[in-house]
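Visitor: I have a structure here, written as structure tokens, and I will follow up with some questions on it.
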Amino acid sequence: MSAETLIWSSDKACSPLDGTHTPSTRPGRYLGGRPPYGYRLGDAGPHPNPAKAGDGKRLHVLEIDPLAAPVVQRIYAEFLDGSGFYAIAQGLTRDGIPCPSAHDRARNSHRSGIAWSKSAVRVILLNPRYTGREVWNKQRKDEVLIDVEDVALGHETKMRWNDQGAWVHSAKPTHPAIISPETFERVQMLVAAGAKRPGVRKTRTTHRTYLFAGMIRCGLCGRVMQGNFNHDRPHYRCRYPGDYAAANHVEHPKALYLREDALAGPVDEWLAQAFAPARLTETLTAISESQRSDADDAALAAARETIQSCGQRLQRYRAALEAGTDAVLIQQWTAEVQAERVQAEAKIRELSGRQRMTTEEIDSLVSALGGIRAVLLNADPIDRMRVYRSLNLEMTYHPGRKSVTAEARPESRVHDCVRGGT
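Residue numbers (the working numbering): 121 to 542.
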């Protein structure tokens with residue numbers, strides 16, 4: 121079967137950006153989602169669709185953000201002066217400048233916002249919108265066979281980046297420029313030159329298994345520690361400053377290391393004691409009691425009341441809009457309420473996942489976890505890793521105390537996860 125029969129690009133059938141079509145925008149109108157860092161959304165009047173206008177939807181344009189735009193200019197200037205992504209990020213954090221996710225918390229509540237990252241600096245340096253021109257056709261949808269051996273399963277849609285030569289730029293500026301086109305082109309040449317530097321990568325001869333992959337967090341920054349082989353031994357390391365510029369209020373060494381063999385023995389001994397036959401029922405009962413508290417139930421009820429209140433307020437705002445209240449003011453109120461509702465919905469999802477085990481489920485786990493103890497004593501690394509995951513093992517490394525705190529919260533489905541290993 122040829123490659124042409126495996127992948128079908130949706131823009132082959134009908135491309136909105138080919139030579140016979142132009143983007144359906146009126147001058148200056150911004151059709152994207154969140155604005156790029158350095159800009160903010162400005163009101164451009166009522167939506168041309170009467171139905172959408174009735175719902176309070178407005179047109180938007182990109183406006184200069186007076187707080188963030190100078191930061192963008194600083195990033196470009198420092199890069200042209202020879203600073204790298206990390207050096208720029210570190211300087212911004214050191215000077216107390218909020219990173220993009222901290223600058224716009226309403227749209228980035230899921231991110232920590234603690235410091236600038238190298239990736240954020242790179243994205244800003246590669247965004248052509250800072251020249252004042254809009255860009256389309258950066259991505260395309262490809263229909264790819266789910267299974268080459270079974271065509272009847274159909275296709276799935278995948279988003280893929282187009283080559284920069286296929287991007288479509290607006291003929292005229294559509295919004296205020298923060299960076300001149302000449303400055304942007306100079307930066308792109310420097311970035312491209314760095315990307316073309318030859319590199320040598322050693323071929324890995326063996327597959328490396330980390331028993332506690334994704335289960336250990338750094339007690340200083342809260343990030344998951346990464347697996348790393350050092351002197352032919354598996355370690356877990358945290359290189360916080362290497363990935364994110366060190367925030368002023370986070371004291372973190374350049375790298376932290378924790379040896380796996382120094383941790384595996386004490387963890388296995390602790391689990392063997394906690395899930396010993398004589399203590400198994402007691403341990404599981406204690407875990408079940410801690411999974412949901414009265415405080416959780418109260419927080420869950422409060423979150424549901426918040427969602428109901430948000431719905432009522434949105435209805436009142438719509439009525440006020442129809443009565444002639446300023447649409448810009450209504451839009452601000454609506455955005456605040458929607459952000460509040462999103463936070464309440466996230467809280468409900470978090471609390472709803474904490475369900476107490478029944479007595480029957482605890483009895484079922486007693487026999488299954490007896491098998492887990494045997495696996496820990498005799499299993500190969502892959503099986504041991506599966507056991508740790510089935511126990512929902514979580515650990516935190518405290519380098520100052522040179523200690524690790526651990527907790528295991530097996531769920532009622534754990535016996536399905538480990539049956540093959542017993």
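Note that CB positions come from ideal geometry on N, CA and C, so glycine has one too.
#1: Where do the ends of the beta strand (DSSP E) carrying VAL264 lie?
#2: Can you tell me which residues form a DSSP beta bridge with SER523?
#3: Is it buried or exposed, THR213, if we count other Cβ atoms within 10 angstroms and call 16 or more buried?
#4: Please state the DSSP three-state secondary structure of PHE304.
#5: Measure the Cβ-Cβ separation of GLY162 and ILE298 and say whether it is below 8 Å.
#6: Exposed or buried, which one is MET309 when buried takes at least 16 other CB atoms within 10 Å?
#7: Looking only at C-alpha atoms, which of GLU380, ALA447, LYS467, ALA440 sits nearest to ALA422?
#8: According to DSSP, is LYS177 helix, strand or coil?
#9: Run through DSSP, which three-state label would TRP281 get?
#10: To the nearest angstrom, how far is the alpha carbon of GLY165 from that of LEU449?
#11: Can you list, in chain order, the residues of its chain with a C-beta nearer than 7 Å to that of ALA222? Leave out the 5 residues immediately preceding and following it.
#12: Rounded C-beta distance between GLY334 and PRO296? I'm assuming under 8 Å.
#13: Taking the straight line between their C-alpha atoms, what separation do you get for THR346 and ALA382?
#14: Is it a yes or a no for the stretch 255-266 touching the stretch 286-294, going by three-plus beta-carbon pairs under 8 Å?
#15: In this structure, does DSSP put HIS223 in helix, strand or coil?
#16: If you follow the beta strand (DSSP E) that TYR377 is part of, which residue opens it and which one closes it?
#17: Which residues in the same chain as THR329 place their Cβ atom closer than 7 Å to its Cβ, once the five residues preceding and following it in sequence are excluded?
#18: What's the call for ASP446, buried or exposed, on a 16-neighbour Cβ count within 10 Å?
#19: Can you tell me where the alpha helix (DSSP H) holding PHE199 begins and where it ends?
#20: Could you pull out every residue in the same chain whose Cβ sits closer than 8 Å to the Cβ of ARG337, ignoring the five residues on either side in sequence?
#21: Determine, using beta carbons only, whether VAL191 and LEU246 come nearer to each other than 8 Å.
#22: If you draw a straight line from the C-alpha of VAL271 to the C-alpha of GLU263, how long is it?
#23: Report all residues from its chain with a CB closer than 7 Å to the CB of ALA384; omit the five preceding and five following residues, and keep chain order.
#24: Determine the contact status of ILE427 and GLU371, defining contact as a CB-CB distance below 8 Å.
#25: Can you give me the C-alpha to C-alpha distance between ARG249 and GLU302, rounded to a whole angstrom?
#26: Just confirm the distance between the C-beta atoms of HIS351 and TYR377, as a whole number of angstroms; I'd bet it's less than 8 Å.
#27: Contact check, HIS167 vs LEU182 under 8 Å by CB: the rounded distance?
Guide: Reading it off the structure:
#1: Unbroken beta strand (DSSP E) run through VAL264: 259-265.
#2: DSSP, once it has assigned bridges, lists HIS518 as partnering SER523.
#3: It is buried - the Cβ of THR213 has at least 16 other Cβ atoms within 10 Å.
#4: If DSSP states are grouped into helix, strand and coil, PHE304 belongs with the helices.
#5: No, these two residues do not count as a Cβ contact at 8 Å.
#6: MET309 is classed as exposed because its beta carbon has fewer than 16 other beta carbons within 10 Å across all chains shown.
#7: The shortest Cα separation from ALA422 among GLU380, ALA447, LYS467, ALA440 belongs to LYS467.
#8: In the three-state reduction of the DSSP assignment, LYS177 falls in the coil class, being assigned neither a helical nor a strand state.
#9: TRP281 falls in the strand class under three-state DSSP.
#10: Whole-angstrom Cα-Cα distance: 13 Å.
#11: Excluding residues within five positions, the ones whose Cβ falls inside 7 Å are GLY233.
#12: Going by Cβ atoms, the distance from GLY334 to PRO296 rounds to 44 Å, so no, they are not a contact pair.
#13: A small correction: the amino acid at residue 346 is Gln; Thr does not occupy that position in the sequence shown. Distance from the CA of GLN346 to the CA of ALA382, rounded to the nearest whole angstrom, comes to 16 Å.
#14: Contact holds: three or more Cβ-Cβ distances are below 8 Å.
#15: Three-state DSSP puts HIS223 in a helix.
#16: It spans 376-379 - the beta strand (DSSP E) in which TYR377 sits, taken as one unbroken run.
#17: Result list for THR329: PRO501, ILE502, MET505, in chain order.
#18: Burial call: exposed.
#19: According to the DSSP assignment, PHE199 belongs to the alpha helix (DSSP H) that extends over 189-200.
#20: Same-chain partners within the cutoff: ARG343, VAL344, MET345, GLU514, MET515, THR516, TYR517.
#21: Against a cut-off of 8 Å, the Cβ pair of LEU246 and VAL191 comes out as no contact.
#22: Each residue's CA atom was taken as its position, placing VAL271 and GLU263 some 13 Å apart.
#23: These residues qualify, in order along the chain: LEU331.
#24: Not a contact, by the Cβ cut-off of 8 Å.
#25: Looking at the two C-alpha atoms, the distance is approximately 13 Å.
#26: Not a contact, Cβ separation roughly 10 Å.
#27: The pair is not a contact, with the Cβ atoms about 17 Å apart (cut-off 8 Å).
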